[in-house]
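Top to bottom, those sequences are chains A and B.
Here the first sequence is numbered in UniProt numbering, starting from 1 and rising by one per residue.
Here the second sequence is numbered in UniProt numbering, starting from 1 and rising by one per residue.
Using N, Cα and C, we set each Cβ at its ideal position, and we do this for glycine too.
Report on the following structure.
Protein chains: 2
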Amino acid sequence: MSETVPAARRGRPRDPDVEERVFDAAIELYGRSGWAGFNFEGVARASGIGKAALYRRWSNRAELLNDVLKARWIRVADIDTGDIRGDLLAVAGILLDILTGIQGDVYLRILMDTRLHPEVHDATADYRAGVVTPSRAMVHRAVARGELPEGTSPGLVIDLVVGAVQNHVLTTPPELRTRMLSQMHTYAEQVVDTVLHGIRH
Amino acid sequence: MSETVPAARRGRPRDPDVEERVFDAAIELYGRSGWAGFNFEGVARASGIGKAALYRRWSNRAELLNDVLKARWIRVADIDTGDIRGDLLAVAGILLDILTGIQGDVYLRILMDTRLHPEVHDATADYRAGVVTPSRAMVHRAVARGELPEGTSPGLVIDLVVGAVQNHVLTTPPELRTRMLSQMHTYAEQVVDTVLHGIRH
Numbered sequence: 001m002s003e004t005v006p007a008a009r010r011g012r013p014r015d016p017d018v019e020e021r022v023f024d025a026a027i028e029l030y031g032r033s034g035w036a037g038f039n040f041e042g043v044a045r046a047s048g049i050g051k052a053a054l055y056r057r058w059s060n061r062a063e064l065l066n067d068v069l070k071a072r073w074i075r076v077a078d079i080d081t082g083d084i085r086g087d088l089l090a091v092a093g094i095l096l097d098i099l100t101g102i103q104g105d106v107y108l109r110i111l112m113d114t115r116l117h118p119e120v121h122d123a124t125a126d127y128r129a130g131v132v133t134p135s136r137a138m139v140h141r142a143v144a145r146g147e148l149p150e151g152t153s154p155g156l157v158i159d160l161v162v163g164a165v166q167n168h169v170l171t172t173p174p175e176l177r178t179r180m181l182s183q184m185h186t187y188a189e190q191v192v193d194t195v196l197h198g199i200r201h
Numbered sequence: 001m002s003e004t005v006p007a008a009r010r011g012r013p014r015d016p017d018v019e020e021r022v023f024d025a026a027i028e029l030y031g032r033s034g035w036a037g038f039n040f041e042g043v044a045r046a047s048g049i050g051k052a053a054l055y056r057r058w059s060n061r062a063e064l065l066n067d068v069l070k071a072r073w074i075r076v077a078d079i080d081t082g083d084i085r086g087d088l089l090a091v092a093g094i095l096l097d098i099l100t101g102i103q104g105d106v107y108l109r110i111l112m113d114t115r116l117h118p119e120v121h122d123a124t125a126d127y128r129a130g131v132v133t134p135s136r137a138m139v140h141r142a143v144a145r146g147e148l149p150e151g152t153s154p155g156l157v158i159d160l161v162v163g164a165v166q167n168h169v170l171t172t173p174p175e176l177r178t179r180m181l182s183q184m185h186t187y188a189e190q191v192v193d194t195v196l197h198g199i200r201h
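Below, the structure is given as structure tokens:
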């Protein structure tokens with residue numbers, strides 16, 4: 001939304017369509033090339049938006065990556081179904097969609113690049129906070145509602161659900177991919193129910 | 001062991017020290033550069049073994065990667081503690097060691113490269129089978145011993161344990177790394193116990 005852009009960010013384009021085109025091109029380029037190949041030249045070429053216009057909006061590629069991830073990535077903050085099973089199924093569903101779609105490469109690139117490049121780690125801090133903070137809040141709400149025991153570790157719950165889904169998709173060989181895709185919803189339920197039973201024990 | 005090398009692989013060096021030096025250099029190079037930078041020139045330079053000697057032993061870099069992973073990677077087949085909790089703690093422990101050590105990059109590279117490059121997928125088939133087959137056997141043994149219910153999905157158990165450990169290490173920010181390392185063993189127990197309780201429910 002252009003009206004939410006701070007005044008200090010003068011010169012940024014007011015046309016939201018331009019931003020959308022840049023984000024679409026940039027997330028695709030990042031997934032394909034990672035940090036090593038993520039630059040304004042490539043984004044300009046893929047989006048059809050001139051480099052000068054990109055530089056007016058973002059002072060460097062790290063700032064651009066941060067905005068791209070915030071605009072195109074997992075929106076855990078929007079999830080609040082009223083119970084923890086529904087919330088975790090929603091997280092698993094979004095993650096399954098991402099990992100089995102074209103953005104799956106982005107997911108792995110972020111894990112790799114934040115590990116290898118301190119500037120990517122810094123550039124993706126907002127994005128991580130935007131995933132981690134609402135994930136923790138989700139578990140805290142469940143504890144407050146009496147759905148999970150006092151003292152439940154949000155990190156443990158999230159690691160189990162997110163990690164299982166991640167490992168499932170990333171290690172399924174191509175020849176079993178069709179079957180995996182058709183059984184994704186059932187798998188998500190198995191994961192979430194196993195985790196909830198385990199945590200409640 | 002040189003005596004187990006099939007005769008058809010004539011000309012391969014008989015000196016096991018040479019292989020060890022190649023494997024050490026190759027796994028380090030692969031972790032640092034991934035498939036894109038994994039070549040005989042780099043391995044020769046890093047190991048001090050001539051390119052000609054490498055070509056006598058491996059006809060291409062995919063074959064070399066396959067042997068490197070089999071020699072230097074997770075040996076699930078060796079794990080058999082007598083009960084499923086011990087087995088899963090051993091898996092979690094090995095994985096924690098790998099992910100928090102210099103081979104952590106190799107782990108992510110394999111996930112990424114098998115996704116992007118069919119030749120890496122093919123080259124790593126033996127390695128995957130060497131992890132997947134004994135992992136499934138581990139769960140089947142537990143079912144046979146009556147420790148887990150009939151029909152327990154080995155994939156679900158492994159995804160939960162491996163995935164949680166993986167997500168835990170890969171998403172821990174640098175500033176919390178020291179604390180994570182000091183609490184790794186407790187974390188592995190929490191994961192394994194939660195999964196076992198959840199599966200047994």
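Have a look at V120/B and V143/B and give me their C-alpha separation to the nearest angstrom.
Cα-Cα distance, rounded: 34 Å.
Taking Cβ to Cβ, would you say G93/B is nearer than 9 Å to H197/B?
Cβ distance not < 9 Å, so G93/B and H197/B don't count as in contact.
Starting from the C-beta of S59/A, find all residues in its chain whose C-beta is less than 7 Å away, skip the five residues before and the five after it, and write them out in chain order.
No residues qualify anywhere along the chain.
How about S182/A and Q190/B: are their beta carbons less than 9 Å apart?
No; because the gap between Cβ atoms is not below 9 Å, this pair is not in contact.
Quick check on DSSP: helix, strand or coil for G130/B?
Residue state, collapsed to three classes: helix.
Quick check on the DSSP output: the alpha helix (DSSP H) that includes D24/A runs from which residue to which?
First-last of the alpha helix (DSSP H) with D24/A: 16-33.
Roughly how many whole angstroms lie between the Cα atoms of V106/A and E20/B?
Taking the straight line joining both Cα atoms gives about 35 Å.
The region 190-201 of chain B: which residues have C-beta closer than 9 Å to a C-beta of chain A, in chain order?
Listed by position, the residues of the region 190-201 of chain B near chain A (Cβ gap below 9 Å) are Q190, V191, D193, T194, V195, L196, H197, G198, I199, R200, H201.
Taking just the CA atoms, how far does I74/B sit from L111/B?
Cα to Cα, the separation comes out at about 14 Å.
Can the beta-carbon of W35/B be found less than 9 Å from the beta-carbon of L69/B?
No, these two residues do not count as a Cβ contact at 9 Å.
Mind checking the region 108-123 of chain B against chain A and listing, in chain order, the residues whose C-beta falls within less than 8 Å of any C-beta there?
Hits within the stretch, in order: L108, R109, L111, M112, R115, L116, H121.
Is it right to say T194/A is buried, meaning 16 or more other beta carbons lie within 10 angstroms of its own, or is it exposed?
Looking at its Cβ environment, which holds 16 or more other Cβ atoms inside 10 Å, T194/A is buried.
Alpha carbon to alpha carbon, how far is G31/B from S162/B? Give it in angstroms, no decimals.
Going by the sequence as given, residue 162/B is Val instead of Ser. If you take the alpha carbons of V162/B and G31/B, they lie about 20 Å apart.
Please classify L176/B as buried or exposed, where buried requires at least 16 other C-beta atoms within 10 Å of its C-beta.
So L176/B counts as exposed.
Under 9 Å between C-beta atoms, does I158/B make it to chain A?
Closer than 9 Å to some Cβ of chain A, the Cβ of I158/B qualifies, so yes.
Looking at the structure shown, is G104/A part of a helix, part of a strand, or coil, going by DSSP?
In the structure shown, G104/A sits in a helix (DSSP, three-state: H, G or I).
Determine the direct distance from the alpha carbon of A46/B to that of Y187/A, and round the result to whole angstroms.
Going by the C-alpha atoms only, they are around 44 Å apart.
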